Amino acid sequence: MSCLSAAPDWLKQPKDAIGPESDRLLLVEPGPSLAPLIQQFPGGVSMIYCRFTTISPEFVRRIAPDCILSPIVARQFDIVDLVRLLDRCNYRGSVVAVTDPLPAPTMVLSELRRFNRRLDMSLLELASAGGRRLHT
917 MSCLSAAPDW
927 LKQPKDAIGP
937 ESDRLLLVEP
947 GPSLAPLIQQ
957 FPGGVSMIYC
967 RFTTISPEFV
977 RRIAPDCILS
987 PIVARQFDIV
997 DLVRLLDRCN
1007 YRGSVVAVTD
1017 PLPAPTMVLS
1027 ELRRFNRRLD
1037 MSLLELASAG
1047 GRRLHT
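Add 916 to a position in the sequence shown, counting from 1, and you land on the number used in the numbering used here.
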């Protein structure tokens, strides 16, 4: 598994320097705002899309994701719901919450970690101009 500090190494690279990876990435209800990021994923990344309601202990065991990427807020759930569900599924891997820029991302990340200390959590802020900033 190449996830360090909750994010695949290629997410930490400048957007023009994304390199090949072989991560198994689970995308939970990615919205249109994630499309530009998804288009930048390296060719070796195995991407599995799912609905929040699909996630169960059996599903997580079967998929065995290296990293789970999810919007911080979606129609039917938010990242706190997902983090709690992943705890019940005994998932111990990396989770990256994708969001618009936040005024206090470090505080938000700290709060998220309180809901499930066994996860390797990160926040990925996506700017409208195509930039991104990863908080680990």
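Even glycine gets a Cβ: it sits at the ideal position worked out from N, Cα and C. Keep in mind that this is a model prediction, so the values were computed, not measured.
Cutoff 6 angstroms; reference residue i; Cβ partners in own chain excluding five residues on either side
{"i": "R940", "result": "S962, P981, D982"}
{"i": "R1034", "result": "R1008"}
Beta-carbon proximity of residue i to residue j, cut-off 8 angstroms
{"i": "R1048", "j": "L1042", "result": "yes"}
{"i": "L1028", "j": "I995", "result": "yes"}
{"i": "F957", "j": "Q992", "result": "no"}
Close beta carbons around residue i, own chain, < 8 angstroms, minus the five adjacent residues each side
{"i": "N1006", "result": "P973, V976"}
{"i": "R1004", "result": "P973"}
{"i": "N1032", "result": "V999, R1000, L1002, D1003"}
For residue i, the first and last residue of its enclosing beta strand (DSSP E)
{"i": "I964", "result": "962-966"}
{"i": "L985", "result": "983-987"}
{"i": "A990", "result": "Taken as a continuous stretch (DSSP letters only), A990 belongs to no beta strand (DSSP E), as it is neither H nor E."}
{"i": "A1013", "result": "1010-1015"}
Beta-carbon proximity list for residue i, same chain, < 7 angstroms, skipping 5 on both sides
{"i": "P1021", "result": "L1039, E1041, H1051"}
{"i": "V1024", "result": "L1018, L1039"}
Residue range of the unbroken alpha helix (DSSP H) whose run includes residue i
{"i": "T1022", "result": "1021-1031"}
{"i": "E974", "result": "973-979"}
{"i": "R1000", "result": "995-1004"}
For residue j and residue i, believed in contact at Cβ under 8 angstroms, the rounded distance
{"i": "I979", "j": "L953", "result": "So it is not a contact: roughly 20 angstroms between Cβ atoms."}
Inspect the CB distances between the region 1006-1016 and the region 975-989 and report whether three or more fall short of 8 angstroms. yes
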